[in-house]
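Trainee:
Residue numbers (the working numbering): 508 to 742.
(1) Am I right that residue 617 and residue 710 are in contact with their C-beta atoms under 8 Å? What's the rounded C-beta distance?
(2) If you check the beta carbons only, do residue 654 and residue 527 fall under 9 Å apart?
(3) If you check the beta carbons only, do residue 523 and residue 688 fall under 9 Å apart?
(4) Apart from the five residues on each side of it in sequence, which residues of its chain come closer than 7 Å, Cβ to Cβ, to residue 632?
(5) With DSSP as the reference, label residue 652 as helix, strand or coil.
(6) Should residue 599 and residue 719 be called a contact, given that it needs their Cβ atoms to be closer than 9 Å?
(7) Roughly how many angstroms separate the alpha carbons of residue 585 and residue 728, rounded to a whole number?
(8) So which of 681, 657, 652 and 677 has the shortest CA-CA distance to residue 666?
(9) Can you find the residues in the same chain that come closer than 7 Å, C-beta to C-beta, to residue 543, ignoring five residues on each side of it along the sequence?
(10) Exposed or buried, residue 707, counting other C-beta atoms within 10 Å across all chains shown (16 or more means buried)?
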């Protein structure tokens, strides 16, 4: 597999992963967005105005949990770079540990009732930490890919490129950029739909699918290949 195909597969897998985990957290935990800080700010405002809507505390604590995931990923990358080793595999492994904690606490808390118990709270915070680590890993180590968890910018870029393509703009990179952004966007949308059905059928056990995706990415990241995965700043 050449580098372009490998990057496309990574982008699609991570986009699907992000859409899936975020949707499952939203459905399972009172509308919690594990990856979208902006969405949680909106939900905090709504819950403060009408506390009967959902758990205010879970929304508040999800923000520092997300920040903790970002900070831990950053510290891990710095430590790996100081040792002169590639950081992508340990970063993915840390994300996997958070995700397993999310699934384990969610399964232990099931069925989640109308109130947020300690195990459900732990599940939500571990899910937010996992997606914080995901976002930081994407920005620090996979800057050559389109963003895989925040889709607003991707939609904006796809529309701009489509308009330029249709108007015949003299930009030789427009088609390549369109492909780069459109596939993670499509994979994210498919992940959202898959998570909705998965949670309906299997509950928190449906998180086994994103666990398998991370395991596959870890297995594909061979030691001979990871040298190219050292920090690549985002454009």
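A virtual CB, placed ideally from N, CA and C, is assigned to each residue, including glycine.
Mentor: Reading off the structure:
(1) Looking up residue 617 in the chain shown gives position 110. Looking up residue 710 in the chain shown gives position 203. 6 Å between Cβ atoms; contact.
(2) Within the chain shown, numbered from 1, the residue matching residue 654 stands at position 147. Within the chain shown, numbered from 1, the residue matching residue 527 stands at position 20. No. Outside cutoff.
(3) Looking up residue 523 in the chain shown gives position 16. Looking up residue 688 in the chain shown gives position 181. No, these two residues do not count as a Cβ contact at 9 Å.
(4) In the chain shown, the residue the question calls residue 632 occupies position 125. Contacts found: 568, 569 and 572.
(5) As a working note, residue 652 is residue 145 in the chain shown. It is coil, neither helix nor strand.
(6) Residue numbering aside, residue 599 sits at position 92 when the chain shown is read from its first letter. Residue numbering aside, residue 719 sits at position 212 when the chain shown is read from its first letter. No, the pair does not count as a contact, with Cβ atoms beyond the cut-off.
(7) Residue numbering aside, residue 585 sits at position 78 when the chain shown is read from its first letter. Residue numbering aside, residue 728 sits at position 221 when the chain shown is read from its first letter. Roughly 19 Å separates the two Cα atoms.
(8) Residue numbering aside, residue 666 sits at position 159 when the chain shown is read from its first letter. Checked all of 681, 657, 652 and 677; the closest Cα to residue 666 is 681.
(9) Counting from one through the chain shown, the residue named residue 543 turns up at place 36. The answer, listed in chain order, is 529.
(10) Your numbering for residue 707 matches position 200 in the chain shown. With fewer than 16 other Cβ atoms within 10 Å, it is exposed.
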